[in-house]
Structure formats: structure tokens, C-alpha cells
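Colleague: Pasting a structure here, questions to come.
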Amino acid sequence: MDIKKRAFKRSLWVYHLSGGSCNNCDIEILDCLTPRFDIERFGMVLVGSPRHADVLLCTGIVNKKCVERMREVYDQTAKPCVVVAIGACACSGGIFREGYQMAGPLEKIMPVDVYIPGCPPKPEAMIAGIVKLLEKIK
Amino acid sequence: MKNKKRVIIPIGPYHPLLEEPEFFSLYCDGETVVDVEWEAGYNHRAIEKLSESKHWDQVTFLVERICGICSTSHPFAYCNAVEDILGITVPERAKYIRSIIGEMERIHSHLLWVGLAGHFLGYNTVFMWAWKYRETILDMFEMITGNRNHYAMFRIGGVRRDIEDGDIPSLRKVLGEMEGKLEMLTRAVLDDPVLAVRLKGVGVLTRRDIKDFGAVGPVARASGVDFDVRKDDPYAAYPLVKWKVITTGNGDVFDKAVVRLLETFESVSIIRQCLDAIEGKKGEIENQVREVPAGQGIGRHEAPRGECFHYVRSDGANSPVRHKIRAPSYVNIPTFKASCTGQTISDVAIILAGVDPCYCCTERVAVYDAGNKKKLYGFPELVEMSRKKTERIIKGEMK
């Protein structure tokens, strides 16, 4: 366990999972990776498969059609894995809370470790959230 | 064709190529794509229905959250639609501010597309550059409107915030710097021999295809169809400033990139003219609207991806009775059938990206069975159901 934990906190690999969002949080996540904010300096890399991921960055209301697939993705990630809810939709449902397509918020589907509210949260807010996450892991 | 073995390659719903959850099935014969099918619904958020439960003013915030990239185009079209019911025009200053926001959004959206297209081709340098340049536009948005995205600038009858005279010099400075960067990026992208080989003659859409599928926006303009709502059905400040519609003739992905890059220069020029018109002047920014009478109205806006259309019906009460939205990607996505067929699998990614599809805009309808969640009616099933119903009516089983 100790080795696992030591390896885990060094370089977090993130996987981006969108459950019916307006695309804006997703764009801001990508913004974090581009030169202005550049979270790669913290050792974070966006990976293409949930099997390689340590962190799931989830955005969007959880759409009824997405629920099964999102559970599947969560099951595929190697544990321990950290789930981050990004944006108002993932945290609480936001403006879409009363819609008939709403199956979330995210905490109903999977255990959430970090909430980053905002519509959309600024990249700075995301970085602050991730720094807190690193402290939590330690 | 029927006897040949076909391989089906599924893409999605969660796939590194796609930012949003979407599902494509590529039917392949060897390396060649024979057919494409698209399955939607992963992004459906019940917006049209929610809009019927919200107050007229609240709907602008809701439709803004349809899409995060073109988040001004939907309130723009919605406000045009409600103003059509009211029969009012907005004050001149508000018109200019609306156009400024609309064009700034076009620059940031096109830069985003150039970056993503470079990323899909394996040119990560283009991705990083374009997104770095885009940041300054977002900073300007934050200065003028208070938020990087989802600006909430629009309200029925005008705009919510004024552009202060103090903000204009820094906006001009950013535009000046932006022009140089855009020029460098445009020349770097268009002169690159590898990109030319990779993009020229790929995913060609002819004029005929555009007419058949009813495609709009840069996709149509790259094939020589000069359809632009800003010119054809003028609104806001677009008839008051000088600009031209960019068209090219080949219809391949390269031309789509050319159209988008050249459009950003037009946008810069439109913003400059609008700033000249409002600088140092005072004026009303909104007409007060007390209530919305019964009636129906349509509103259109040329979003970065094409014509965005809103239909609103009112019965004189507090909220819309019906609100219909047609986003540009809704008509652009079916062109995949024409552009992907006959291409190799490796080219499909850039062809799919070439349309600049925005799935979150498009998903307005989803049909699924609540009992068995995996069952979903796709388009063929819906057509089949519709045909069966017609048959039943013909036979006299149903009235």
C-alpha cells in the first residue's frame, strides 16, 4: 500500500469524462493543459484510457443515457482513483436540475472526492482544487 | 455491396478523439470507409422543455448554457426571436455591443478550431499556439463582461452591461496584437507542405452536397455557397459596418481552414469599426420590456459554426409556450455521409473535425425506453416505426 501511495502522489494522470455538459468545463480543462496554465508542470498528463488514469475529471449533468457508461468507466479505472466534479452541473445539477434527462448529480453515480464549483470554473480554480487534492492524498 | 464483408469500427462514446460523449460507427471495407452512422443523445439536457418553465429573462441564461464555445450565439438568436414578437428594435449602442461580443466569440471559436484541427493531425505546436493566442481574447471577455465564458451580456431589448470608454484602448491593443499573431498563424498553416498534402482534396463537399444536406456556415462557404445570415438577413450592427463574406471553392478540409482563418480578420475589422462607433459617446443600452404579448417570432444569428435558429411562441404569459432551437451542427453533421464515404479511416478524424461539430448544441431530441435503458430508437428504427404507423392508418386500424 505504501509503495502504491508513494507512486500515486508523484504524477497524477487524468482522464476526462463528460456526462452531458455544455462543453465549457471541458474546454477549460483543455485550457489548463495549454501554455498559459500548463498543469503538466505538476506531472499531470491527459490520458486516453480510463485504465491508465488516477484521476477522473467529470463534467456535466449526468445524462440518463450516460449513466451506465460512466459507471463502466469508473469500474475500469485502477483503484485508488480520485473523482473530481468540475462545474456547477456536476456538483449540483446547476440550471438543468429540474430537467427530465437529469440522472445526477455526479455523487449519486460514483463517490466524489473534490468539488470545483463555477460555471465554468476558471482554470485557476481548477489548479487550486488540484493542489488541495494533492494535499489530501498526502 | 451486400455480399462483401464489412468491418464496423465504433468510435466513442468516450474516446480520446472526442471531447464530448458521442458515438460513431464507421462501416469499413478494408481501409476505405463505406458508411458512417451517428448516434446522439449523450448530451441531451432537456433544454427546450426547461425553457417552457422559465421566465423570459431567465431563458437567456439557460440558452447560453446550450453550448460553451458559442455561448453568445444562442442568446443572440433567442433575443432576436423575442424582439420579433415584441416588434421592437434595440438602441444603436446595444446593437454595436452585441456585434462586438458576437465577433469576439467568432475569433476565439475559430482559433479553438484551428488548434484542435492541428491536434488531430499531430501538429501539437499549432494546438498550443492557437490556444495561447485565444487566451488574450478570453481575458478581454473577462474585462468587458465579467466572465471568461458564458458572458450573460444579452437581455431582451438590449444588453446587460455597457462597454466603458476606459476598456476600449486595451481592447484595441489586444486586437492589434491579435492581427499580427493571426497573420503569422495563417501563413504558417497555409504554407505548410505537409498540411497541404494532408488536407487538400480530403473530405470534399460539392455545392450539390451542400444544397442537398442544407449545410450552413463555414462548411457551406468553403464549397462556394455564400450563405451568411449577417448579410442575407441583416440584424444588430452588421448592416452598419463594412465587411465581406469569405468564400472558397474546393470544399475540402483545407478550404474550411482557409475560410475560418480569413473570417477572423473580418471579425477584427468589424470589431474595430464598432468600437469607433461607440467610443466617446453615451447612449441607451436597452429598451425596457414590460411584458411579452401573444404571438410567435423567429430569430437567427450567424454563429461561428453557421446559422443558429430560434423559434419562440408566446401566449402572453410569463414564459414561452414553445421554444424550438436549431443549432448549426444539426444540419452540418449529416454531411459526414458525403464527406467520409470513400475516404480512408485515418482521414476520418480530421473530416469529422473539419465540420467543427458541436454536439452539445445539437442534441434536442432523444427517444428511449425507460424500462430497459439500453434500448434506444435510432433514426432507422424511428423511420421504420413511422412507416408502420402509416401502414396501419392505410389499413384502417388507426385513425
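Chains A and B supply the protein sequences, listed in that same order.
The first sequence lines up with residues 1 to 138 when you count with my numbering.
The second sequence lines up with residues 1001 to 1399 when you count with my numbering.
Note that beta-carbon positions come from the ideal geometry of N, C-alpha and C, so glycine has one too.
What in chain B is Cβ-close to A/Y100, meaning under 8 Å?
Modeller: A1046 and K1049
Colleague: With 16 as the cutoff for other CB atoms within 10 Å, does A/Q101 come out buried or exposed?
Modeller: buried
Colleague: Going by C-alpha distance, which of B/M1140, B/I1009 and B/D1029 is nearest B/M1178?
Modeller: B/M1140
Colleague: Under 8 Å by Cβ, that's how I've got B/G1157 and B/N1287 pegged, so tell me the actual separation to the nearest angstrom.
Modeller: 4 Å
Colleague: Would you list the residues sitting across from A/D113 in a DSSP beta bridge?
Modeller: DSSP lists no partner for A/D113.
Colleague: With C-beta atoms as the reference, is B/C1340 less than 8 Å away from B/V1033?
Modeller: yes
Colleague: What does B/W1131 touch in chain A if you count any residue whose Cβ is under 9 Å from its own?
Modeller: L30, D31, L33, T34, P35 and R36
Colleague: Please list the terminal residues of the continuous beta strand (DSSP E) segment that includes B/C1340.
Modeller: Unbroken run through B/C1340 is the alpha helix (DSSP H), F1336 to C1340; no beta strand (DSSP E).
Colleague: List the residues of chain A whose Cβ lies closer than 8 Å to the Cβ of B/M1128, in chain order.
Modeller: Chain order gives the chain A residues near B/M1128 as T34 and P35, where near means a beta carbon separation below 8 Å.
Colleague: For B/G1295, which residues in the same chain have their Cβ closer than 7 Å to its Cβ, ignoring the five residues on either side in sequence?
Modeller: Take B/G1295, set aside five residues on each side of it, and the residues of its chain with a beta-carbon closer than 7 Å to its own are I1085 and S1314, in chain order.
Colleague: So B/D1232 is in the alpha helix (DSSP H); what residue range does that whole segment cover?
Modeller: V1229 to D1232
Colleague: Let me see if you follow: with CB-CB separation under 8 Å, is A/R41 close to chain B or not?
Modeller: Taking CB atoms only, A/R41 has no neighbour in chain B less than 8 Å away.
Colleague: Could you give the distance in angstroms between the alpha-carbon of A/C32 and the alpha-carbon of B/R1290?
Modeller: 43 Å
Colleague: What residues of chain B sit near A/C66, judged by a beta carbon separation below 8 Å?
Modeller: Against chain B, the beta carbon of A/C66 has neighbours under 8 Å at P1013, P1021 and Y1042, listed in chain order.
Colleague: So, using beta-carbon positions, are A/G129 and A/V62 closer together than 8 Å?
Modeller: no
Colleague: Could you tell me the boundaries of the alpha helix (DSSP H) in which B/F1193 lies?
Modeller: Before going on, a small fix: residue 1193 of chain B reads as Pro here, not Phe. Per DSSP, B/P1193 belongs to the alpha helix (DSSP H) from P1193 to L1199.
Colleague: Measure the alpha-carbon distance for B/P1075 versus A/K79 and round it to whole angstroms.
Modeller: 43 Å
Colleague: What in chain A is Cβ-close to B/C1340, meaning under 7 Å?
Modeller: Correct list: empty, because the minimum Cβ distance to chain A is about 22 Å.
Colleague: Could you list the residues in the stretch 1055-1071 of chain B with a C-beta less than 8 Å from some C-beta on chain A, going in chain order?
Modeller: Flagged, chain order: F1061, L1062, R1065, I1066, C1067, G1068, I1069 and S1071.
Colleague: Out of curiosity, what's the CA-to-CA distance linking B/L1116 and B/D1252?
Modeller: 17 Å
Colleague: Going by DSSP, what residues sit across from B/R1029 in a beta bridge?
Modeller: According to the sequence as given, residue 1029 of chain B is Asp; it is not Arg. According to DSSP, B/D1029 bridges with B/T1032.
Colleague: Using the Cα positions of B/T1060 and A/E40, report the straight-line distance between them to the nearest angstrom.
Modeller: For the pair B/T1060 and A/E40, the Cα-to-Cα distance works out to about 37 Å.
Colleague: Between which two residues does the beta strand (DSSP E) carrying A/W13 extend?
Modeller: W13 to S18
Colleague: Tell me whether B/R1006 is buried or exposed, calling it buried when 16 or more other Cβ atoms sit within 10 Å of its Cβ.
Modeller: exposed
Colleague: Once DSSP output is grouped into helix, strand and coil, what is the label at B/A1303?
Modeller: Correct three-state label for B/A1303: strand.
Colleague: In this structure, how does DSSP classify B/I1008 when only helix, strand and coil are distinguished?
Modeller: For B/I1008, the secondary structure class from DSSP, reduced to helix, strand or coil, is strand.
Colleague: Report yes if the CB atom of B/H1323 is closer than 8 Å to the CB atom of B/A1077, and no otherwise.
Modeller: no
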